[in-house]
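Scroll down for the structure; my scribbles are underneath it.
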Amino acid sequence: MTAHPKAREKACKRDGLARRASACAQVVRHARRGGIGGLASGEGVRIVASTPVRAATGSRRHGSSAEDPVLLSKITVPVLPGWAIPRQRIDALIAEGARGPLTLITGPPGAGKTMAITSWVGASADRGGVAWIALDEYDNRPHVFWSYVVAALRRAGITVPRAGAEAERGHAVGHEFLLRLASSLASLAQPVVLVIEDFHLLTDTDIMDGLTYVLRNAAPSLRLVISSRVQPLLPLHRYRLNGELTEIRAQDLAFSVRESSLLMEQLGIELSAQALECLTERTEGWAAGIRLAAITLDGHPDPEQFIKELGAEDSAVTGYLVDEVLNAQPASRRDFLLRTSILDRVSAGLAIELAGDEQAAGVLPALAVANAFVQPVGHGWYRYHPLFADILRLKLRRESPGQLPDLHRRAAGWYLRNGRLAEAVRHAAAAGDWQLAARMVLDALAIGQLIEPRGSRSLAEEFRHLPPDRSDTGPQLWLVAAAMDLSRGAESTRTASLEVAEGILGRLPADDQIPARLAAALIRIALGRRSGDLDAVITASARAEALLGEIPERVLGLHPAIRAQVLLARGTAELWLGDLDQAAATFGTGAAAAIAADSLHDRRECLGQLALAEVLRGRLGLAAQLAEEAVRPGESGDEEHSEPVVAAARAALAWVHLERNEFRPAHDELALADAALRIRPDKLTGATATMVAAQCRLAEGHAGASLELVSRARQGWVPPRWLERMLTILEVRACAETGNVQAAVAAARRDESQSVSGAPVALAYAWLAAGDYQAVRRALATAAAAARDKDEQLSLDEWLIDARLSYGGGDVLRGRRALGRALQLARPERVRLPFAMERAWLRPVLRRDPDLARSYRELLEPDLLTPARPVASPPASPQQPPLIVDQLSEREREVLVRLSGMLSTAEIAAEMYISVNTVKTHLKSIYRKLSADHRGEAVRRARQLKLI
39 MTAHPKAREK
49 ACKRDGLARR
59 ASACAQVVRH
69 ARRGGIGGLA
79 SGEGVRIVAS
89 TPVRAATGSR
99 RHGSSAEDPV
109 LLSKITVPVL
119 PGWAIPRQRI
129 DALIAEGARG
139 PLTLITGPPG
149 AGKTMAITSW
159 VGASADRGGV
169 AWIALDEYDN
179 RPHVFWSYVV
189 AALRRAGITV
199 PRAGAEAERG
209 HAVGHEFLLR
219 LASSLASLAQ
229 PVVLVIEDFH
239 LLTDTDIMDG
249 LTYVLRNAAP
259 SLRLVISSRV
269 QPLLPLHRYR
279 LNGELTEIRA
289 QDLAFSVRES
299 SLLMEQLGIE
309 LSAQALECLT
319 ERTEGWAAGI
329 RLAAITLDGH
339 PDPEQFIKEL
349 GAEDSAVTGY
359 LVDEVLNAQP
369 ASRRDFLLRT
379 SILDRVSAGL
389 AIELAGDEQA
399 AGVLPALAVA
409 NAFVQPVGHG
419 WYRYHPLFAD
429 ILRLKLRRES
439 PGQLPDLHRR
449 AAGWYLRNGR
459 LAEAVRHAAA
469 AGDWQLAARM
479 VLDALAIGQL
489 IEPRGSRSLA
499 EEFRHLPPDR
509 SDTGPQLWLV
519 AAAMDLSRGA
529 ESTRTASLEV
539 AEGILGRLPA
549 DDQIPARLAA
559 ALIRIALGRR
569 SGDLDAVITA
579 SARAEALLGE
589 IPERVLGLHP
599 AIRAQVLLAR
609 GTAELWLGDL
619 DQAAATFGTG
629 AAAAIAADSL
639 HDRRECLGQL
649 ALAEVLRGRL
659 GLAAQLAEEA
669 VRPGESGDEE
679 HSEPVVAAAR
689 AALAWVHLER
699 NEFRPAHDEL
709 ALADAALRIR
719 PDKLTGATAT
729 MVAAQCRLAE
739 GHAGASLELV
749 SRARQGWVPP
759 RWLERMLTIL
769 EVRACAETGN
779 VQAAVAAARR
789 DESQSVSGAP
799 VALAYAWLAA
809 GDYQAVRRAL
819 ATAAAAARDK
829 DEQLSLDEWL
839 IDARLSYGGG
849 DVLRGRRALG
859 RALQLARPER
869 VRLPFAMERA
879 WLRPVLRRDP
889 DLARSYRELL
899 EPDLLTPARP
909 VASPPASPQQ
919 PPLIVDQLSE
929 REREVLVRLS
939 GMLSTAEIAA
949 EMYISVNTVK
959 THLKSIYRKL
969 SADHRGEAVR
979 RARQLKLI
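Plus 38 on top of the position in the sequence shown (first one is 1) and you've got the numbering used here.
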């Protein structure tokens, strides 16, 4: 920051702190002398004229007499100081209002009300006559008030009727005077604007009635513009109803960042954009605050630090607010403000709790009406202006530090009784009572909110300053620490804290043990889910259910979300065990319980897990609907803590897209699932998503990448049997695709030896790769026998393998029947991927069976419905010498024909019912005989020799 040379000179002459205190005192003196809007006007306001106008008789308080003068300074339009900046938007608001009968400008001290009107008067050349009155506390009597009205009108060049002389001489103001005044004003050729400053000083009903009468009957020639700290005692509702009232409030007067910048430029003070924004935000655009900051900033060595400490004890802003606002309150109200300053927001109930007085309920509305830096925020809640709140807390710490813990405990108790746990914990922590904070969480059955943070300000944030030394604390605090470690991913400490807690749970009274043991079980479930410990999940979920049954219904009714969390745990265990029907039912019940508890977080997770279960059950459409509902943002729009919980839903959506052969959206959902799992790991969901990714890569022709993903999905745990079966089938098919038939057969046999469900399918794929079709038939027969024993149908994969084998063996009838059955199974859920992956042998089959292809067109890719087209080769160069080649075998010619159709090695193998290794052997021979280095060159030379 750079200041003017004078500022730098001053900074060198005296200590910064003393200079800033002097500036504060100077500004406050200006405010008390009645400068423009108090601090909004600042120093430098001068009065244009000073000749007194004599007022006649009339008794006055404090020794006033009939000969008291009308102070010319009170009826003279002030002159703007040189540092004032133009504010066209405020001028426009007042100008619009001055076209009607009444404009009301309200705001707290220093909001810039007077400055705004003064600026408008100076900027409006076509405004006509303007009469100005600046009220003080002595003007709240009819004859005094009306004497100033008469004097102000005359000074503005308005002729006042003879009856006005009576008021001017201090006589009683009667109806005749008001009638004549209204009549005279109504007859004016041009309207006159009467500006009345500090209207809140007027409370006399006769004045209000008289002014209302004159304003109504002098229309449209009289326009009233008034500034006030409070709503005046005029019948404003009538003017609002008739659309004749313009209201300009504190938020309208507040400085924008741009206006703050212009003011600083005018004062010769340079601030960074960030500092300007911070200043405007801290003051909320309060004019006096910005002006005081500017005065004190002049020459300050570190302006940005000063702005952060704007409410410090020695600042000019603090001095102004303490003298003009806080100390201006009665002692009881001052004490009320200090006690309630510990709150971010305060309601009548909270005010009564902290003040210990039933009468405190009415204080907040009164302060808000008085524009005493107390602002209503709706539904009976109020907040203090941030700077005012800082100063109140500073004064409370200085004057009554011993009250703070008790006040915070009172606030904690009120919030807890009113179902606002996070705020209760916040105040318990502020009181330094961490044991109370932890007990609140466990008694509210809310440990899940620490394990998985949720909401814009999560419960976990209230424990961010949890002290590390917990040696003399009870198990509740250790359980909270374990949950916090879990949410932060602190691998080294989360189990240790839990073990300490479990070791001392017996010290608790019997009633306190149940919620504590339930919390421990939920932490164990979360640990098991993240590490992949199925046994831990099963054991802990059973324990959680048992403990839930011991909690009284009245308590569960207060904390209904716990039911959804325990049901989610049970459903997770059932899903891992492969009991899909029961898992789906449990997740559905859990989602319903979450809805009843109004717990969006738990509902979304239950729906996501349910979607995953429905994919496994083959119900893709329902799974997609559930997953879409789970990932849909809530009304709050706060996604910071809600996205990690929908990892299962994202994985389910990716799986559905993949089964429908939609690769791009599948990749998109997998990326979102991965991002969610990085924040909150879940072994089963993560491995399932990895399995989907592996299948996606295999379908795209990247068998090596698919094998790497299969290995990653198994890493560090033992997958459930249903997942292991899918991973094995993928491994077998990927190995076959790479030509590693031996590895494919080994993987399938390993699956068979472990009695994994689905092993026959894996074996069938392995034997297909090896070319052992009898073994394929035996594997299918085993699968059929197993299906009969379980009263189940063969899977789509098994029917496709049967179809492929039958067509290859010349049994077209059986092949068509098996293929038709596979297509029938796929149609309800629009499953397309299996057919796309078998395109090599399906294309010629469907080309020869157009009726079947047309019947299931929606499931088949376009390239499966049209003949393969050989790629055209360029004509041979005439300079190329004749080629001498060995004779190609018939089998090699068949491979060459398919090579020219752009089929992959695996597709050629499938179409010819031979292994991939055999195809590769043929290709080596073809390249050698045609002197070719790659397939394109081999095809081109074969065409030149008319071999194809």
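Backbone N, C-alpha and C define an ideal beta-carbon position, used for all residues, glycine too.
Computed from a predicted structure; not experimentally measured.
| Query | Result |
| --- | --- |
| Where the alpha helix (DSSP H) containing V401 begins and where it ends | V401 to V407 |
| Status (buried if at least 16 other CB within 10 Å, exposed otherwise) for N409 | buried |
| Contact set for R71: own chain, Cβ-Cβ below 7 Å, skip 5 residues either direction | Caution applies to R71, whose pLDDT of 37 falls short of 50 and renders its modelled position unreliable; the model cannot decide the point. |
| Beta-carbon contacts of R868 that lie in its chain and below 6 Å, excluding the five residues immediately before and after | R698 |
| Distance between A482 and V407 (C-alpha atoms, nearest Å) | 38 Å |
| Rounded separation between A813 and A602 - CA only | 49 Å |
| Bridge partner(s) assigned by DSSP for S535 | Partner(s): none; S535 has no beta bridge. |
| Three-state secondary structure assigned by DSSP to I171 | strand |
| Coil, strand or helix - P414 by DSSP | strand |
| Unbroken alpha helix (DSSP H) run spanning I286, endpoints | Unbroken run through I286 is the beta strand (DSSP E), L283 to I286; no alpha helix (DSSP H). |
| Burial state of A93, where buried means 16 or more other Cβ atoms lie within 10 Å | Reliability fails at A93, whose pLDDT of 38 lies under 50, so the model's placement of it is uncertain and the value that follows must be treated cautiously. By the 10 Å Cβ count, A93 comes out buried. |
| Spatial distance of E724 from G587 (CA atoms) | Strictly speaking, residue 724 in this sequence is Gly, with Glu absent from that position. Their backbone Cα atoms lie some 32 Å apart in a straight line. |
| For A714, the nearest candidate out of R702, L191, L606 and V669 (CA to CA) | V669 |
| Integer-rounded CB distance, given that M302 should sit under 8 Å from L314 | 7 Å |
| Whole-angstrom C-beta distance between W472 and L515, which should lie under 8 Å | 6 Å |
| Nonlocal neighbours in the same chain, by C-beta distance under 7 Å from A970, ignoring five residues either side | A976 and R979 |
| Limits of the beta strand (DSSP E) - the one that V231 falls within | V230 to E235 |
| Where W419 falls: helix, strand or coil (DSSP) | strand |
| Rounded distance between the beta-carbons of L232 and A169, thought under 8 Å | 5 Å |
| Any C-beta of chain B under 8 Å from that of R458 | As a matter of chain content, chain B is missing from the structure shown, which is built from one protein chain. |
| CB-CB length for I987 against L317, believed under 8 Å | Past the boundaries of the shown model lies residue 987; the chain is included only from 39 to 986, so the question cannot be answered. |
| Residue span of the beta strand (DSSP E) that contains L364, given as start and end | From DSSP, L364 is part of no beta strand (DSSP E); its letter is neither H nor E. |
| Check whether T624 and L650 have beta carbons under 8 Å apart | no |
| Three-state secondary structure assigned by DSSP to D971 | coil |
| P107, DSSP secondary structure in three states | strand |
| Length of the line joining the Cα atoms of A822 and E930 | 37 Å |
| Selection from P107, Y176, P547 and L594 that minimises the alpha carbon distance to A189 | P107 |
| Minimum C-alpha distance to R973 - residue among K984, V933 and A948 | V933 |
| The region 719 to 736 in contact with the region 749 to 761 per 3-pair CB rule at 8 Å | yes |
| Closest by C-alpha distance to P682, when choosing among G416, I489 and L226 | I489 |
| Contained alpha helix (DSSP H) runs [length at least 4] in the region 803 to 858, N- to C-terminal order | 811 to 827 and 834 to 846 |
| Beta-bridge partners of I143, as assigned by DSSP | S265 and I286 |
| Rounded straight-line distance, which links the Cα of W158 to that of A133 | 7 Å |
| Cβ pair A288, D236 closer than 8 Å | no |
| Own chain partners of Q551 with C-beta closer than 8 Å, once the 5 adjacent residues on each side are dropped | L543 and G544 |
| Residues sharing a beta bridge with S385, DSSP | W419 |
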